[in-house]
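There are 2 protein chains.
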Amino acid sequence: MSPLTAPAGAVRQGSLRELNLALVLGRIAAADRPPSRADLAAATGLTRATVSAVVEDLIAGRLVTEAEPAPRAGAGRPARGLVLAGHGAAGLGLEINVDYLAVCVVDLAGRVRHRTVHRADLRPVAPADALARLVELAGRARADAAREDLVLAGAALAVPGLVDAAGVVRLAPNLGWREVPVPALLAGHPALTERIDGVPALVVDNEANLAALGELHAGPPGPTSFLHISGEVGIGAGIVLDGALFRGTRGWSGEIGHIPVRPEGRECRCGGRGCLEQYAGQEAILAAAGLAGADLPADTATARLAELAGAGDPAALRALHDAGSALGVAVASVVNLLDLDTVVLGGGYARLAPWLRPPVLAEISRRVLTAAWSPVTVRAAALGAEAAATGAAGSVVRRIVARPSGWLARTG
Amino acid sequence: MSPLTAPAGAVRQGSLRELNLALVLGRIAAADRPPSRADLAAATGLTRATVSAVVEDLIAGRLVTEAEPAPRAGAGRPARGLVLAGHGAAGLGLEINVDYLAVCVVDLAGRVRHRTVHRADLRPVAPADALARLVELAGRARADAAREDLVLAGAALAVPGLVDAAGVVRLAPNLGWREVPVPALLAGHPALTERIDGVPALVVDNEANLAALGELHAGPPGPTSFLHISGEVGIGAGIVLDGALFRGTRGWSGEIGHIPVRPEGRECRCGGRGCLEQYAGQEAILAAAGLAGADLPADTATARLAELAGAGDPAALRALHDAGSALGVAVASVVNLLDLDTVVLGGGYARLAPWLRPPVLAEISRRVLTAAWSPVTVRAAALGAEAAATGAAGSVVRRIVARPSGWLARTG
Numbered sequence: 020m021s022p023l024t025a026p027a028g029a030v031r032q033g034s035l036r037e038l039n040l041a042l043v044l045g046r047i048a049a050a051d052r053p054p055s056r057a058d059l060a061a062a063t064g065l066t067r068a069t070v071s072a073v074v075e076d077l078i079a080g081r082l083v084t085e086a087e088p089a090p091r092a093g094a095g096r097p098a099r100g101l102v103l104a105g106h107g108a109a110g111l112g113l114e115i116n117v118d119y120l121a122v123c124v125v126d127l128a129g130r131v132r133h134r135t136v137h138r139a140d141l142r143p144v145a146p147a148d149a150l151a152r153l154v155e156l157a158g159r160a161r162a163d164a165a166r167e168d169l170v171l172a173g174a175a176l177a178v179p180g181l182v183d184a185a186g187v188v189r190l191a192p193n194l195g196w197r198e199v200p201v202p203a204l205l206a207g208h209p210a211l212t213e214r215i216d217g218v219p220a221l222v223v224d225n226e227a228n229l230a231a232l233g234e235l236h237a238g239p240p241g242p243t244s245f246l247h248i249s250g251e252v253g254i255g256a257g258i259v260l261d262g263a264l265f266r267g268t269r270g271w272s273g274e275i276g277h278i279p280v281r282p283e284g285r286e287c288r289c290g291g292r293g294c295l296e297q298y299a300g301q302e303a304i305l306a307a308a309g310l311a312g313a314d315l316p317a318d319t320a321t322a323r324l325a326e327l328a329g330a331g332d333p334a335a336l337r338a339l340h341d342a343g344s345a346l347g348v349a350v351a352s353v354v355n356l357l358d359l360d361t362v363v364l365g366g367g368y369a370r371l372a373p374w375l376r377p378p379v380l381a382e383i384s385r386r387v388l389t390a391a392w393s394p395v396t397v398r399a400a401a402l403g404a405e406a407a408a409t410g411a412a413g414s415v416v417r418r419i420v421a422r423p424s425g426w427l428a429r430t431g
Numbered sequence: 020m021s022p023l024t025a026p027a028g029a030v031r032q033g034s035l036r037e038l039n040l041a042l043v044l045g046r047i048a049a050a051d052r053p054p055s056r057a058d059l060a061a062a063t064g065l066t067r068a069t070v071s072a073v074v075e076d077l078i079a080g081r082l083v084t085e086a087e088p089a090p091r092a093g094a095g096r097p098a099r100g101l102v103l104a105g106h107g108a109a110g111l112g113l114e115i116n117v118d119y120l121a122v123c124v125v126d127l128a129g130r131v132r133h134r135t136v137h138r139a140d141l142r143p144v145a146p147a148d149a150l151a152r153l154v155e156l157a158g159r160a161r162a163d164a165a166r167e168d169l170v171l172a173g174a175a176l177a178v179p180g181l182v183d184a185a186g187v188v189r190l191a192p193n194l195g196w197r198e199v200p201v202p203a204l205l206a207g208h209p210a211l212t213e214r215i216d217g218v219p220a221l222v223v224d225n226e227a228n229l230a231a232l233g234e235l236h237a238g239p240p241g242p243t244s245f246l247h248i249s250g251e252v253g254i255g256a257g258i259v260l261d262g263a264l265f266r267g268t269r270g271w272s273g274e275i276g277h278i279p280v281r282p283e284g285r286e287c288r289c290g291g292r293g294c295l296e297q298y299a300g301q302e303a304i305l306a307a308a309g310l311a312g313a314d315l316p317a318d319t320a321t322a323r324l325a326e327l328a329g330a331g332d333p334a335a336l337r338a339l340h341d342a343g344s345a346l347g348v349a350v351a352s353v354v355n356l357l358d359l360d361t362v363v364l365g366g367g368y369a370r371l372a373p374w375l376r377p378p379v380l381a382e383i384s385r386r387v388l389t390a391a392w393s394p395v396t397v398r399a400a401a402l403g404a405e406a407a408a409t410g411a412a413g414s415v416v417r418r419i420v421a422r423p424s425g426w427l428a429r430t431g
């Protein structure tokens with residue numbers, strides 16, 4: 020080998036190993052039941068020897084572990100299956116919303132291993148102070164995770180607003196945030212801001228986008244194009260097309276809360292008029308049901324609303340019907356435009372879905388051109404209000420599974 | 020070579036030739052100036068000999084021709100450049116709309132070589148009769164094309180409604196069509212219904228989709244994600260994302276005309292209420308301007324409206340302002356949802372764009388969350404009312420350029 024070709028050969032060798040690691044780990048992650056090394060060789064086309072070497076690396080890096088062998092009929096020692104490790108790398112999901120902070124740790128297999136939700140009205144709190152509280156919660160989560168032999172391999176932060184590529188929150192109207200440089204404000208917390216494997220340890224993203232990704236990976240198997248609506252104080256949406264999030268030209272898609280449903284109606288915090296949020300946002304619903312002055316945290320108030328509606332309280336039922344009708348007008352616009360066949364009611368809406376669903380379906384049937392012969396499924400989200408933080412943590416572990424070599428380089 | 024491998028080898032040989040034909044033709048189609056055979060060899064990585072053989076096939080099949088050599092400084096005979104042929108294969112574009120039929124022939128280079136527009140109110144006409152009229156116009160276009168040494172290689176038909184994969188028009192509310200089996204009704208016209216190269220000679224598609232494709236290929240270079248709105252009696256939209264049409268789960272995306280802009284407003288032909296069409300469709304605008312009873316064909320009435328607006332007529336200006344505001348409410352919904360940065364006013368709107376644009380921009384600025392720091396361009400379409408038939412014909416020739424072997428098999 021000439022000196023000139025050696026480096027190129029070495030690079031190719033290195034990237035071949037990276038590809039094989041990702042290929043084998045991806046198969047283990049996607050398998051219905053724990054595959055053996057022989058299964059993996061058959062599925063990937065790699066030799067048994069290569070699969071064995073790759074699996075050794077994945078086990079040493081604590082990304083994979085051997086499952087207990089299932090009892091097997093017939094002779095011979097059963098082959099041991101491989102599963103994603105329940106220790107080692109994990110993802111940290113963070114969420115700042117209008118009335119709560121949430122922190123969540125998800126292991127490689129997608130299991131939630133830690134969750135904290137801290138209720139507080141964050142509108143009067145300065146962004147730096149809100150982030151400091153979140154860092155404190157994250158520190159506790161990190162310590163909890165360490166006790167379970169989990170190492171946080173990165174974090175994603177969900178915010179209810181528009182985030183640019185540098186992680187700056189350009190606008191979060193319901194929080195009152197404008198041009199908040201989240202990475203700069205977290206500069207004193209290197210665990211969240213260092214770069215790992217070329218990727219910042221912390222990714223900031225829109226709450227509705229991360230919630231839609233959470234639902235995509237947690238929801239029942241089925242169509243992989245859907246609209247996921249996060250109904251909180253604000254209302255955001257994640258548009259999933261063919262299993263991928265559609266982010267729009269600048270990454271700011273999904274602002275369904277500002278679709279005008281009563282164009283000359285109530286003023287909105289965004290400066291517009293008649294936005295969906297003013298009729299179907301959490302505060303609007305609670306106010307209409309007479310629960311606004313009760314000074315309850317929003318989730319308690321929402322639970323109370325669901326109780327009242329379940330008991331047939333006319334004000335609660337009317338408030339939910341009106342909110343569902345407004346939501347249905349916006350959803351009909353989306354379905355007319357995008358021809359999606361599945362709408363998922365997420366965030367705070369998940370709990371209210373039994374009452375929101377009928378008026379949403381009524382508006383779809385009345386207003387969508389294709390509704391008569393092409394039904395739209397409207398269902399409650401599997402994750403509900405936990406989707407954004409879970410989706411955030413899940414996005415970290417999916418990054419590791421897609422490119423395990425970065426993690427292995429860190430761990431040695 | 021064993022008898023067993025011969026057929027597989029032959030198939031590979033055949034598909035290699037197909038790939039090379041498409042590769043070379045695609046380079047010629049995309050080139051800024053006519054490339055020589057040497058340019059093509061350099062660009063494709065094929066040998067000079069292979070390029071020469073492929074080019075001979077393309078010239079013999081009348082897909083490519085040699086351009087006049089450009090004068091060149093310096094010594095030596097200039098290499099002759101290659102261009103798409105202006106004779107040979109051409110595409111036929113057909114359109115049925117509410118108040119006109121249109122037929123258009125486009126050659127391989129994308130030049131319009133024939134266009135007929137036949138004005139008539141088609142609402143009282145049975146679908147079979149409307150199609151028969153269109154077939155007659157198509158026959159004349161075919162004869163015209165033959166006189167210019169053009170052979171129609173396929174056709175695409177634009178209809179203002181929802182079309183399924185079999186070419187059945189499920190619903191075209193403004194035409195009053197429901198479940199119209201276009202291919203069956205054209206069975207007596209084999210030139211439109213035979214299968215060529217496995218593809219039906221006639222493809223039926225939504226008018227707004229084909230118009231958006233026409234604009235994509237005819238418009239100025241620039242962003243390739245945009246919303247193209249076809250403003251006719253009905254209003255449809257084509258959503259172009261990264262240079263490709265977004266069709267939705269079932270192919271029925273883009274029904275912007277049925278986005279509710281006054282949710283409890285006027286009844287719509289679709290069965291809904293307050294749909295955009297009722298406020299910004301051609302008939303609604305003309306009625307508001309006092310031009311509805313004039314019994315003029317819609318395009319003449321639209322021209323008259325533009326004249327009146329240009330002269331400062333208050334009723335015309337008010338009608339256009341109100342229509343533009345309604346259109347702006349729907350466009351704001353779309354931009355909030357999809358984060359597109361370009362909106363193209365097409366169809367009948369192209370001529371009215373000077374008056375529609377300001378209220379559309381005003382609604383965007385008022386209602387789109389990101390409008391303050393992320394401007395949206397609203398512009399008139401390059402093609403206007405001709406876009407759908409032109410886009411239909413263009414879709415046929417692009418199919419040939421993408422897979423020339425099918426055409427060559429027919430001719431050679």
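Residue numbers (my numbering), protein chains in the order written: chain A, 20 to 431; chain B, 20 to 431. For every residue, glycine included, the Cβ atom is placed at its ideal position computed from N, Cα and C.
Problem set entry | Within chain B, the residues that A/A351 reaches when beta carbons sit closer than 7 Å | Position 332 of the first sequence holds residue 351 of chain A. Per Cβ cutoff of 7 Å: P279.
Problem set entry | Range of the contiguous beta strand (DSSP E) that encloses A/V362 | Position 343 of the first sequence, counted from the start, is the residue given in the question as residue 362 of chain A. Looking at the DSSP string, the run of the beta strand (DSSP E) that includes A/V362 is T361 to G366.
Exercise. Is the distance from the Cβ of A/A177 to the Cβ of A/G365 below 9 Å?
Worked result: Numbered from 1 along the first sequence, position 158 holds the residue referred to as residue 177 of chain A. Numbered from 1 along the first sequence, position 346 holds the residue referred to as residue 365 of chain A. A/G365 sits away from A/A177, with the two beta carbons spaced by 9 Å or more.
Exercise. Is A/D360 close to chain B, meaning its C-beta is less than 9 Å from at least one C-beta of that chain?
Worked result: Stepping through the first sequence from its first residue, residue 360 of chain A is reached at position 341. True, the Cβ-Cβ gap to chain B drops below 9 Å.
Exercise. Considering only residues of the same chain and omitting the five flanking positions on each side of A/V187, which have a CB-CB separation below 6 Å?
Worked result: Translated into positions along the first sequence, residue 187 of chain A becomes position 168. Within the same chain, A/V187 has close Cβ partners P200.
For this session: Measure the C-alpha to C-alpha separation of B/G250 and B/E405 and round it to an integer number of angstroms.
Result: For this step, residue 250 of chain B is matched to residue 231 along the second sequence. For this step, residue 405 of chain B is matched to residue 386 along the second sequence. Going by the C-alpha atoms only, they are around 12 Å apart.
For this session: Would you kindly report the start and end of the unbroken alpha helix (DSSP H) that includes B/H133?
Result: Position 114 of the second sequence holds residue 133 of chain B. Segment V131 to R138 is the beta strand (DSSP E) holding B/H133; no alpha helix (DSSP H) there.
Problem set entry | N- and C-terminal bounds of the beta strand (DSSP E) containing B/A78 | Locating residue 78 of chain B in the second sequence gives position 59, where the first residue counts as 1. The residue you asked about is not Ala; residue 78 of chain B is Ile in the sequence shown. Run containing B/I78: none in the beta strand (DSSP E); it sits in the alpha helix (DSSP H), R67 to A79.
Problem set entry | Where the alpha helix (DSSP H) through B/G233 begins and ends | Walking along the second sequence from the start, residue 233 of chain B turns up at place 214. Taken as a continuous stretch (DSSP letters only), the alpha helix (DSSP H) holding B/G233 covers E226 to A237.
Exercise. For B/I248 and chain A, any beta-carbon pair shorter than 9 Å?
Worked result: The residue labelled residue 248 of chain B in the question sits at position 229 within the second sequence. Answer no: the Cβ-Cβ gap between B/I248 and chain A never drops below 9 Å.
Exercise. Does the stretch 120 to 137 of chain A come close enough to the stretch 191 to 199 of chain A to have 3 or more Cβ pairs within less than 8 Å?
Worked result: At 8 Å Cβ cutoff, the stretches do not touch.
For this session: Could you tell me which chain A residues have their CB closer than 9 Å to the CB of B/E274, listed as they occur along the chain?
Result: Numbered from its first residue, the second sequence carries residue 274 of chain B at position 255. For B/E274, the residues of chain A that pass the 9 Å Cβ criterion are V354, N355, L356, D358, V387, L388 and T389, in the order they occur in the chain.
Exercise. Below 8 Å, can you find three or more Cβ-Cβ pairs linking the stretch 257 to 276 of chain B to the stretch 369 to 377 of chain A?
Worked result: With fewer than three CB-CB distances shorter than 8 Å, the stretch 257 to 276 of chain B does not count as touching the stretch 369 to 377 of chain A.
Exercise. Under 9 Å, do A/R370 and A/A399 count as touching if we go by C-beta distance?
Worked result: Along the first sequence, read from residue 1 onward, the residue named residue 370 of chain A stands at position 351. Along the first sequence, read from residue 1 onward, the residue named residue 399 of chain A stands at position 380. In this structure, A/A399 lies closer than 9 Å to A/R370 by Cβ.
Problem set entry | CB contact below 9 Å: A/G270 versus chain B | Residue mapping note: residue 270 of chain A aligns to position 251 of the first sequence, counting from 1. True, the Cβ-Cβ gap to chain B drops below 9 Å.
Exercise. Would you report the Cα separation of B/D261 and B/F245, rounded to the nearest angstrom?
Worked result: Walking along the second sequence from the start, residue 261 of chain B turns up at place 242. Walking along the second sequence from the start, residue 245 of chain B turns up at place 226. Distance between the alpha carbons of B/D261 and B/F245 is about 9 Å.
Problem set entry | Extent of the continuous beta strand (DSSP E) to which B/S249 belongs | Locating residue 249 of chain B in the second sequence gives position 230, where the first residue counts as 1. B/S249 -> beta strand (DSSP E) spans F245 to G250.
Exercise. Is there at least one Cβ from chain B nearer than 9 Å to A/T24's Cβ?
Worked result: Mapped onto the first sequence, residue 24 of chain A falls at position 5. Residue confidence for A/T24 is low, a pLDDT of 35 falling below 50, so the modelled location carries little weight and cannot support an answer.
Exercise. Thinking just about the alpha-carbon of each residue, which of A/L169, A/I278, A/V415 and A/G300 is nearest to the one in A/Y368?
Worked result: Counted from its first residue, the first sequence places residue 368 of chain A at position 349. Taking only the C-alpha atoms, the option nearest A/Y368 is A/G300.
Problem set entry | 6 Å CB neighbourhood of B/V420 in its chain, flanking five on each side removed | Counting from one through the second sequence, the residue named residue 420 of chain B turns up at place 401. Residues of the same chain with a CB within less than 6 Å of the CB of B/V420, apart from the 5 flanking positions on each side, are L44 and A48 in chain order.
Problem set entry | Anticipated Cβ contact below 8 Å, A/E234 with A/V363, distance rounded | One-based indexing of the first sequence puts residue 234 of chain A at position 215. One-based indexing of the first sequence puts residue 363 of chain A at position 344. With a beta-carbon spacing of about 6 Å, A/E234 and A/V363 fall inside the 8 Å limit used to define contacts.
Exercise. Rounded to whole angstroms, how far is the Cβ of A/A308 from the Cβ of A/L295, which I believe are closer than 8 Å?
Worked result: Along the first sequence, one-based indexing puts residue 308 of chain A at 289. Along the first sequence, one-based indexing puts residue 295 of chain A at 276. Not confirmed; about 18 Å, so no contact.
Exercise. At least one CB of chain B closer than 9 Å to the CB of A/R266: is that the case?
Worked result: As a first step, residue 266 of chain A must be located in the first sequence, where it is residue number 247. Yes, because at least one Cβ of chain B sits closer than 9 Å to the Cβ of A/R266.
Exercise. What do you reckon, is the C-beta of B/N39 under 8 Å from a heavy atom of the ligand MG?
Worked result: In terms of ligand content, the structure shown is empty, and the ligand MG therefore cannot be addressed.
Problem set entry | Assumed close pair B/I115, B/L153 - CB separation to whole angstroms, cut-off 8 Å | As a position in the second sequence, residue 115 of chain B is number 96, starting the count at 1. As a position in the second sequence, residue 153 of chain B is number 134, starting the count at 1. Indeed, because the Cβ distance is near 6 Å, the residues count as touching under 8 Å.
Exercise. Relative to the alpha-carbon of B/P282, which residue among B/V348, B/A263 and B/L305 has its alpha-carbon at the smallest distance?
Worked result: Your numbering for residue 282 of chain B matches position 263 in the second sequence. Considering only alpha carbons, the answer is B/V348.
Problem set entry | Straight-line gap, B/T84 to B/L264 (C-alpha atoms, nearest Å) | On the second sequence, residue 84 of chain B is found 65 positions in, with the first residue counted as 1. On the second sequence, residue 264 of chain B is found 245 positions in, with the first residue counted as 1. So the alpha carbons of these two residues sit roughly 31 Å apart.
Exercise. Nearest chain A C-beta to B/W392 closer than 9 Å, yes or no?
Worked result: Locating residue 392 of chain B in the second sequence gives position 373, counting from the first residue. Cβ-Cβ to chain A under 9 Å: yes for B/W392.
Problem set entry | Buried versus exposed call for B/A407 [16 or more other C-beta atoms within 10 Å across all chains shown] | Position 388 of the second sequence, counted from the start, is the residue given in the question as residue 407 of chain B. Buried is the call here.
For this session: List the DSSP bridge partners of B/W8.
Result: Absent from the structure is residue 8 of chain B, since the part of chain B shown begins at 20 and ends at 431.
Exercise. Taking DSSP as the reference, what is the three-state secondary structure of B/A338?
Worked result: Locating residue 338 of chain B in the second sequence gives position 319, counting from the first residue. Residue state for B/A338 is assigned as helix, using DSSP reduced to three classes.
Problem set entry | Under 8 Å by beta carbon: chain B residues contacting A/S71 | If you number the first sequence from 1, residue 71 of chain A lands on position 52. The premise fails here: A/S71 is roughly 34 Å from chain B at the closest Cβ pair, so nothing lies under 8 Å.
Problem set entry | Proximal chain A residues relative to B/L190, where beta-carbon distance stays under 9 Å | Start at 1 with the first residue of the second sequence, and residue 190 of chain B comes out as number 171. Those are L388, T389, A391 and W392, listed as they occur along chain A.
Exercise. Quick one, which of A/L77, A/S55 and A/T66 has its alpha-carbon nearest A/G425's?
Worked result: Within the first sequence, residue 425 of chain A is the residue found at index 406, counting from 1. With distances taken between CA atoms, A/G425 lies nearest to A/L77 out of A/L77, A/S55 and A/T66.
Exercise. If you run the structure through DSSP and keep just helix, strand and coil, what is A/V407?
Worked result: Taking the first sequence and counting its residues from 1, one reaches residue 407 of chain A at position 388. According to the sequence displayed, residue 407 of chain A carries Ala and not Val. Assigned with DSSP and collapsed to three states, A/A407 falls in helix.
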